[in-house]
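By numbering that gives the first Met the number 0, the letter at position 193 of the sequence shown is numbered 192, and the numbering carries on one by one without gaps. Report on one structure; see the data block that follows.
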Amino acid sequence: MGFTHLDDWLAWLEQAHPSEIDLGLDRVRQVLEQLPLGDLPPVITVAGTNGKGSCVAATSALLEAAGWRVGCYTSPHIVHYCERVRIAGKAVSEADMCRAFERVNTARGDTSLTYFEFGTLAALVLFCQQNVDVMVLEVGLGGRLDAVNVIAPDVAVITGIAIDHEAWLGNNRESIGREKAGIMRAQKPAICVDSDPPASLLQYAADIGAPLRLIGRDFIVQNMAGEDQPATGFNASAGPWRLLDVTTGTALEVPAVSLIVPSVVAAIEAVRALGVDVAAHGLLNVLQNLRLPGRMQRLNYGATPVLLDVAHNPAATAYLAEVVKRQKTKGRVVALVAMMADKDIAGALQPLFSLVDHWLALGLEDVPRAASADTLAAIIAQGGGQVTVCSGVAEGFAQLSSPLFADLDKDDLLLVFGSFFTVAAAMAILAPDMTAQLAGETK
């Protein structure tokens with residue numbers, strides 16, 4: 000197309016394909032064949048309903064600490080598109096992304112690609128051009144038919160499995176589990192940290208001969224006293240914990256982490272599957288200070304602590320509720336929420352009804368897929384919550400200056416969640432320097 004500015008590319012990509020989501024590998028495979036990428040480095044592919052981003056971040060950090068040059072592909076982004084493609088810990092530049100888009104566009108000929116497919120192929124181009132030692136790829140939707148799955152992984156990782164994206168993946172865990180299992184390959188290591196993996200996932204691994212390791216069976220999370228901890232919801236932020244390999248009987252001592260523990264466990268297992276001795280040279284220490292924007296992110300609004308999270312389905316908000324329960328001993332919880340209309344809004348809000356004292360139901364201007372503030376407010380009111388309707392995130396924060404919230408202090412908690420759009424808008428208000436840094440590092 001000859002575009003020289005990333006914004007022009009992205010605007011074109013948003014309307015270049017008839018539908019935003021069009022699952023299938025045929026188009027991507029056709030274009031990939033026209034991109035002579037050469038020999039590919041080892042690939043770790045991460046699928047799952049929740050926890051993928053945390054797993055990718057932990058996997059990349061461990062490999063980088065081991066001296067590997069890592070190409071990391073994630074989605075969606077918080078502030079800037081180039082966050083999706085990171086090499087050696089840094090987002091690629093806008094100029095490099097534009098050149099990669101141009102190469103994909105030339106290779107595709109008459110083949111139409113979705114926004115995500117185009118971006119996936121551009122990421123692969125950049126990784127190969129810049130000679131990464133390993134690619135860590137996050138599935139966008141499902142697994143079996145996701146564009147990322149056009150590349151066969153050397154290690155397949157599946158985090159939690161829950162109900163989401165029902166229109167494309169099905170409305171039950173068996174159907175969804177089968178879609179995510181599709182990233183596994185015969186005779187290649189596979190790891191699953193769902194505490195109750197669907198039978199469809201287990202059967203698929205057996206059918207194709209993928210050596211599957213499971214949390215709670217092949218490796219177990221323990222506290223430092225050697226007591227087994229539940230595979231979901233366990234938060235080790237208060238202190239170090241242990242990862243026991245059932246086969247060998249050996250245990251790793253892992254420092255306290257802020258990310259979701261099962262996702263960190265999956266990262267450790269994935270890196271070990273590539274032959275990296277994570278116990279050597281203090282590699283696990285990099286996990287202690289690892290933070291991921293928008294995931295259990297802690298900021299402040301004046302003296303009041305804020306917890307930001309992109310949770311937008313019942314499984315994710317149930318985990319968020321557990322975190323809030325542990326943190327709050329006194330004061331009020333005020334929740335600011337904006338969500339997409341196609342989500343299970345009632346199911347996602349339900350785990351938090353008993354914890355939130357007042358809700359601010361927010362709209363998302365300029366996001367066509369967003370649920371209206373009135374829709375959110377009606378569901379909250381039906382659940383017995385006190386709610387104030389706001390047109391957007393900015394108005395929600397402006398409401399905090401009203402007499403209703405005049406007494407907010409350090410003992411209270413502001414909870415901001417519901418989507419990446421919600422968190423991005425809140426970050427721009429609460430941490431403009433951080434937002435500017437994320438946007439500016441790609442120039």
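Each residue gets a CB set at the ideal place from its N, CA and C atoms; glycine is no exception.
Inset, instruction - Assign Lys324 to one of two classes, buried (16 or more other C-beta atoms within 10 Å of its C-beta) or exposed (fewer than that). - result: exposed
Legend entry - Bridge partner(s) assigned by DSSP for Ile190: Within the DSSP bridge table, the entry for Ile190 names Val156 and Arg212 as partners.
Inset, instruction - Could you have a look at Gly281 and say whether DSSP puts it in helix, strand or coil? - result: helix
Inset, instruction - Give me the Cα-Cα distance between Ile344 and Lys409, rounded to the nearest whole angstrom. - result: 29 angstroms
Inset, instruction - Compute the Euclidean distance between the alpha carbons of Ser74 and Leu61, then round it to the nearest angstrom. - result: 20 angstroms
Legend entry - Where the beta strand (DSSP E) through Tyr300 begins and ends: Gln296 to Tyr300
Inset, instruction - Compute the Euclidean distance between the alpha carbons of Val133 and Val333, then round it to the nearest angstrom. - result: 42 angstroms
Inset, instruction - Classify Arg143 as helix, strand or coil using the three-state DSSP reduction. - result: coil
Inset, instruction - Would you mind working out which of Tyr300, Leu354 and Val309 sits nearest Pro431, comparing C-alpha positions? - result: Tyr300
Inset, instruction - Using alpha carbons as the reference points, say which of Ser371, Trp358, Ala317 and Ala90 lies closest to Asn379. - result: Inspection of the sequence shows that residue 379 is occupied by Ile rather than by Asn. Closest option to Ile379, Cα to Cα, is Trp358.
Legend entry - Residue from Glu178, Pro197, Leu24 and Ala204 with nearest C-alpha to Gln186: Ala204
Legend entry - Where the beta strand (DSSP E) through Gln381 begins and ends: Bounds of any beta strand (DSSP E) do not take in Gln381; it lies within the alpha helix (DSSP H) bounded by Ala372 to Gln381.
Legend entry - Stretch pair the region 63-73 + the region 97-116: three plus CB contacts closer than 8 angstroms: no
Inset, instruction - Could you name the residues of the same chain whose beta carbon sits closer than 7 angstroms to that of Leu31, not counting the 5 residues immediately before and after it, in chain order? - result: Leu120 and Val149
Inset, instruction - Decide if Met47 is buried, meaning its Cβ has at least 16 other Cβ atoms within 10 Å, or exposed. - result: Checking the sequence shown, residue 47 turns out to be Gly, not Met. Looking at its Cβ environment, which holds 16 or more other Cβ atoms inside 10 Å, Gly47 is buried.
Legend entry - Contact between the region 301-308 and the region 410-422 (3+ Cβ pairs under 8 angstroms): Touching, yes, given that three or more Cβ pairs across the two stretches are closer than 8 angstroms.
Inset, instruction - Helix, strand or coil for Ala250, going by three-state DSSP, please let me know. - result: strand
Legend entry - Paired residues, beta bridge with Ile344 - DSSP: DSSP, once it has assigned bridges, lists no residue as partnering Ile344.
Legend entry - Whether Val45 touches Glu137 by CB criterion (8 angstroms): yes
Inset, instruction - State the DSSP-derived secondary structure class of Phe100, mapped to helix, strand or coil. - result: Residue state, collapsed to three classes: helix.
Inset, instruction - Pick helix, strand or coil for Lys324, following the three-state DSSP scheme. - result: helix
Legend entry - Exposure label - Thr58; buried when at least 16 CB within 10 Å: buried
Legend entry - For Gly70, three-class secondary structure by DSSP: Strand, per DSSP.
Inset, instruction - Determine, using beta-carbon pairs with one atom in the region 268-278 and one in the region 114-129, whether at least three such pairs fall under 8 angstroms. - result: Proximity of the region 268-278 to the region 114-129 falls short of the contact definition, fewer than three beta-carbon pairs being nearer than 8 angstroms.
Legend entry - Closest by C-alpha distance to Phe117, when choosing among Glu82, Val220 and Val147: Closest option to Phe117, Cα to Cα, is Val147.
Inset, instruction - For the alpha helix (DSSP H) holding Arg290, just list the boundary residues, first then last. - result: Segment: none, Arg290 is in no alpha helix (DSSP H) and carries neither H nor E.
Legend entry - Beta-ladder partner(s) of Asn49, from DSSP: Gly159
Inset, instruction - May I ask you to report which of helix, strand or coil DSSP gives Ala15? - result: helix
Legend entry - Phe416 - partner residues in DSSP beta bridges: Asp308 and Val336
Legend entry - Proximity test, Val366 beta-carbon vs the ligand MG heavy atom, cut-off 7 angstroms: As presented, the structure is devoid of all ligands, the ligand MG included, so that no description of it is given.
Legend entry - Beta-carbon separation (whole angstroms), Ala278 vs Val156, contact threshold 8 angstroms: Cβ atoms of Ala278 and Val156 stay farther apart than 8 angstroms, at about 20 angstroms.
Inset, instruction - Return the CA-CA distance between Leu5 and Gln14, expressed in angstroms with no decimal places. - result: Distance between the alpha carbons of Leu5 and Gln14: 15 angstroms.
Legend entry - Distance between beta carbons of Asn170 and Ile160, contact taken as under 8 angstroms: In fact, because the Cβ distance is near 13 angstroms, the residues do not count as touching under 8 angstroms.
Legend entry - Same chain, Cβ closer than 6 angstroms to Cys191, neighbours up to 5 away in sequence not counted: Ile157 and Leu213
Legend entry - Sheet register partners of Cys389 (DSSP bridge): Looking at the DSSP output, Cys389 sits in a beta bridge with Leu361.
Inset, instruction - Give every residue of the same chain whose Cβ lies closer than 7 angstroms to the Cβ of Leu429, excluding the five residues on either side of it in the sequence, and list them in chain order. - result: Correct list, in chain order: Leu298, Tyr300 and Val305.
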